[in-house]
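Here is the structure we will look at, set down as structure tokens.
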Amino acid sequence: MTYADGFVLAVPKANIEAYKAMARAAGAVWKEHGAIDYVECIGDDVPYGELTSFPRAVQASDEEVVIFSWITYESRARRDEIVAKVMADPRLQGNDWKDVFDGKRMIYGGFQAFLEL
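In the numbering used here, the protein residues as written are 1 to 117.
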């Protein structure tokens, strides 16, 4: 079974094109280092729930859009190898992302697949 890293974050609507460019560059690096899939999605139908919701989870304002992303790998061990290479890759060094979105409100985690249809 595969392993996945998942992410939810809020991006200001004014920064969407910059985020897309950053995601394309990062995705190419992840894939080059061995990720199976790299997917970035822009919220299209993510209502603000009364108790919980994607927008609430990342404290998204009306001027922001929710991004839902995932990266898949062959296994947790392979993910750990790939992430180490990605984090050391000079193409992704620097803090340019801080100008595009607030990383403190990003939710992320690793998940072991138990069902793949």
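Cβ coordinates follow ideal geometry from the N, Cα and C atoms, glycine included.
Under the three-state DSSP convention, the category residue i falls into
i: residue 9; result: strand
i: residue 46; result: coil
i: residue 35; result: coil
i: residue 21; result: helix
i: residue 110; result: strand
i: residue 29; result: helix
i: residue 60; result: coil
Distance, residue j Cα to residue i Cα
i: residue 112; j: residue 18; result: 31 Å
i: residue 106; j: residue 89; result: 22 Å
i: residue 82; j: residue 34; result: 6 Å
i: residue 65; j: residue 5; result: 20 Å
i: residue 63; j: residue 55; result: 11 Å
i: residue 109; j: residue 7; result: 7 Å
i: residue 9; j: residue 103; result: 8 Å
i: residue 99; j: residue 80; result: 27 Å
Continuous beta strand (DSSP E) stretch holding residue i: start and end
i: residue 80; result: Per DSSP, residue 80 belongs to no beta strand (DSSP E); it is in the alpha helix (DSSP H), 76-88.
i: residue 64; result: 64-73
Segment limits, alpha helix (DSSP H) that includes residue i
i: residue 54; result: 54-57
Assumed close pair residue i, residue j - CB separation to whole angstroms, cut-off 8 Å
i: residue 40; j: residue 23; result: 5 Å
i: residue 97; j: residue 71; result: Not really, about 16 Å apart at Cβ, beyond 8 Å.
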